[in-house]
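Residue numbers (UniProt numbering): 1 to 336. Notes follow the structure.
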């Protein structure tokens, strides 16, 4: 695309990252006045971006897509799971000629500001992005698309991985290894993908004629940073503890491994563990553990394509669900 005739064209987050040497996540946070960074970091990024904001009402106005994420004290922009989705969104936006405006959803949100001057909106994740909030944004009659989330009622389009299938695959793997007492480390119920993974776990048990033991579902400790630690300790301290455990996410699996080490137990010997997501950190564990690869970059790319079609007048309501797959330890790919 020839941009020589365009004035005040701002570089993309990826271009700024390449120019300054900072990560795309750092660039996004600085441009949105988030995080704590040295003055020289902020200065370099802001200088690369330029001083002027996108001009509302200009001919370029409708080439902006707003990316919305829930507010969190732990950065959901920089965690391994969301950063891959964002990378897919950004790469596809760049390919299709869109720019991204990142907005954080807070309790004092202003829906009218979110819809101002953009061609469409991508709402990433759940939690603070509730069904009620989605409906409010949808009522503004602007193309919107949900990523890693969906609504139970209505016709809001969404793109996400098959989290139900991921949960089924994880539990089935442990069953195929000969386990009959399988514990589960859950996550916060405000995130539909985590609930769907639990449903898949339950379905695998039922399909194989195994009972669902409520004691094997660890009470969720919604801790900010170390997920899965307290839940694994709870399961391992049961009188009739499970021989295998499915952690709802790789982050929870990492916390579970820490708990096993503290208890003097060995993963793979005293208890078998499987995670879900296939984030880079899980591949460095010794001994390694299996996990379920949940497509993330692909979800981000597909979301932009779907939204772009809607922006272009070809609205395609419904869900796009991308399949997950088992990653055995010996077959785990190298981190990119």
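All C-beta atoms in this analysis are idealised placements derived from N, C-alpha and C, irrespective of residue type, glycine included.
Boundaries (first-last residue) of the alpha helix (DSSP H) holding residue 164:
163 to 176
If we call anything under 7 Å between Cβ atoms a contact, is residue 246 one with residue 200?
no
Do residue 160 and residue 176 have their CB atoms nearer than 7 Å?
no
Close beta carbons around residue 327, own chain, < 6 Å, minus the five adjacent residues each side
278, 291 and 293
Measuring alpha carbon to alpha carbon, tell me which of 211, 285, 238 and 249 ends up nearest residue 261.
285
Proximity to residue 211 [Cα-Cα], best of 242, 232 and 141:
242
Below 7 Å CB to CB, which residues in the same chain sit around residue 303 once its five sequence neighbours on both sides are set aside?
89, 122, 145, 147 and 159
Kindly indicate the opening and closing residues of the alpha helix (DSSP H) around residue 81.
80 to 96
Considering Cα atoms alone, identify which of 105, 323 and 17 is closest to residue 87.
17
Backbone secondary structure at residue 52 - three-state DSSP:
With a pLDDT of only 35 at residue 52, under 50, the local geometry of the prediction cannot be trusted, and the value read off the model is given with reservation. Residue 52 falls in the coil class under three-state DSSP.
Going by DSSP in three states, residue 99 sits in which element: helix, strand or coil?
strand
Check whether the Cβ of residue 255 sits closer than 6 Å to any heavy atom of the ligand GTP, and report yes or no.
Although the ligand GTP was asked about, the structure shown includes no ligands whatsoever.
In whole angstroms, what is the alpha-carbon distance linking residue 191 and residue 126?
5 Å
Where residue 120 sits in the DSSP three-state scheme
strand
Burial state of residue 189 (16 or more Cβ within 10 Å)
exposed
For residue 191: DSSP bridge partner residues
Paired residues: none, contrary to the question.
Distance check for residue 166 and residue 229, CA to CA, integer angstroms please.
22 Å
How many angstroms separate the CA atom of residue 153 from the CA atom of residue 20?
44 Å
7 Å Cβ cutoff met for residue 30 and residue 162
no
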